[in-house]
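Asks: Under numbering that gives the first Met the number 0, the residues of the sequence shown are numbered 0 to 222, in order. Input: one structure, supplied below.
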Amino acid sequence: MHKIGIISDTHGLLRDSVKENLKGCDYILHGGDIKSESNLKELNAIAKTYIVRGNVDKDWASVLPPTLKISLFGIKFFLIHNKNHITEDISDCNVIIYGHSHKYEQEQNNQQLWLNPGSCGLRRFTLPLTMALLHIKENGSFWVDRINLPTKTANFFLPNEQKDIKDIIIAVMKGTDKGKSVTEIARQNNINEELASQICRLYLTHPGVDADGILNKMSQPPV
Numbered sequence: 000m001h002k003i004g005i006i007s008d009t010h011g012l013l014r015d016s017v018k019e020n021l022k023g024c025d026y027i028l029h030g031g032d033i034k035s036e037s038n039l040k041e042l043n044a045i046a047k048t049y050i051v052r053g054n055v056d057k058d059w060a061s062v063l064p065p066t067l068k069i070s071l072f073g074i075k076f077f078l079i080h081n082k083n084h085i086t087e088d089i090s091d092c093n094v095i096i097y098g099h100s101h102k103y104e105q106e107q108n109n110q111q112l113w114l115n116p117g118s119c120g121l122r123r124f125t126l127p128l129t130m131a132l133l134h135i136k137e138n139g140s141f142w143v144d145r146i147n148l149p150t151k152t153a154n155f156f157l158p159n160e161q162k163d164i165k166d167i168i169i170a171v172m173k174g175t176d177k178g179k180s181v182t183e184i185a186r187q188n189n190i191n192e193e194l195a196s197q198i199c200r201l202y203l204t205h206p207g208v209d210a211d212g213i214l215n216k217m218s219q220p221p222v
């Protein structure tokens, strides 16, 4: 029996729970948006890791391929970050691995398995943290286990109850405009780095958005 760990969209955060679930895997497949070179080194220390470049993977990650075809234990895989960007012939592939949406998806289509393991790094608001393990028998048959990872409720959304979330958003926006790092912004505003990162991401990816717009997109705190 062989086991392959499948993850995506870690965005610079490699959780202990993820590493624990990856122990014993023969290989790891990553659907992109890893962001951190050190995280890739950590993954390779667990098992040989195959990865494609995501839309936030810049600088050092420019060497990562945008797509990848590999055969493991008789199964042919195709990796891409955004499935909407597929332009090549993948009719000979058994499993298509992708990411980008941060939402777990698993669909059998024309003898092909399409799998998005979701995100197991920085959490996007109320979405669950997920990954997948693919098990392959010696006869070539395989199945997938969806892994739901634990989330935390404490000290995430409003660590300082006296401070309105809108004020926090405004402060994060100002810090971003000044070129401050997420770590520095989080420390100065007494908030979790993950929250600061999510606000920064919304601010930078939605030009012209104001604090109310970001608050509306956040809708409600994660649990």
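Each residue gets a CB set at the ideal place from its N, CA and C atoms; glycine is no exception. Since this is a predicted model, take the numbers as computed values, not measurements.
Identify the residues that DSSP records as bridge partners of Trp59: which are they?
Replies: DSSP, once it has assigned bridges, lists no residue as partnering Trp59.
Asks: Taking the continuous alpha helix (DSSP H) assigned at Asp144, which residues delimit it?
Replies: Run containing Asp144: none in the alpha helix (DSSP H); it sits in the beta strand (DSSP E), 141 to 147.
Asks: Given this structure, state the Cα-to-Cα distance separating Lys40 from Tyr49, to the nearest angstrom.
Replies: Taking the straight line from one Cα to the other gives about 12 Å.
Asks: I'd like to confirm the pairing. Which residues does DSSP put opposite Gln172 in its beta bridges?
Replies: Looking at the sequence shown, residue 172 is not Gln but Met. None, per the DSSP bridge assignment.
Asks: Cutting at 6 Å between CB atoms, please list the residues of its own chain near Met172, excluding the five before and the five after it.
Replies: Excluding sequence neighbours, Met172 sits near Tyr202.
Asks: From Lys34, Ile85, Trp59, pick the residue whose C-alpha is nearest to that of Leu121; which is it?
Replies: When only C-alpha atoms are compared, the closest one is Lys34.
Asks: Using three-state DSSP, classify Ser70 as helix, strand or coil.
Replies: Here Ser70 sits in strand by DSSP.
Asks: Rounded to whole angstroms, how far is the Cβ of His246 from the Cβ of Gly117, which I believe are closer than 8 Å?
Replies: Since the first residue of the chain shown is 0 and the last is 222, residue 246 is not available in this structure.
Asks: On the DSSP bridge assignment, give the partners of Ala131 in chain order.
Replies: Beta-bridge pairing links Ala131 to Ile5, Arg145.
Asks: Put Tyr97 into one of helix, strand or coil per three-state DSSP.
Replies: Coil at Tyr97, not helix or strand.
Asks: Tell me, which residues are paired with Ile79 by DSSP?
Replies: Answer by DSSP bridge pairing, in chain order: Thr66.
Asks: State the DSSP-derived secondary structure class of Leu245, mapped to helix, strand or coil.
Replies: In the structure as shown, the chain starts at 0 and stops at 222, and residue 245 therefore has no counterpart that could be examined.
Asks: Classify Ile5: buried if its beta carbon has 16 or more other beta carbons within 10 angstroms, exposed otherwise.
Replies: Buried, because 16 or more other Cβ atoms sit within 10 Å of the Cβ of Ile5.
Asks: Go ahead and pull the three-state DSSP assignment for Glu104.
Replies: Note: Glu104 maps to strand in three-state DSSP.
Asks: What is the rounded straight-line gap between the Cα of Val208 and the Cα of Gln197?
Replies: Approximately 14 Å, taken between the alpha carbons.
Asks: If Ala44 and Cys24 are in contact, beta carbons under 8 Å, what's the gap, nearest whole angstrom?
Replies: Rounded, the Cβ-Cβ distance is 12 Å, inconsistent with contact.
Asks: When you compare each of Ala185, Arg186, Leu67, Ile168 to Asn215 by their alpha carbons, which one comes out closest?
Replies: Out of Ala185, Arg186, Leu67, Ile168, Ile168 has the C-alpha closest to the C-alpha of Asn215.
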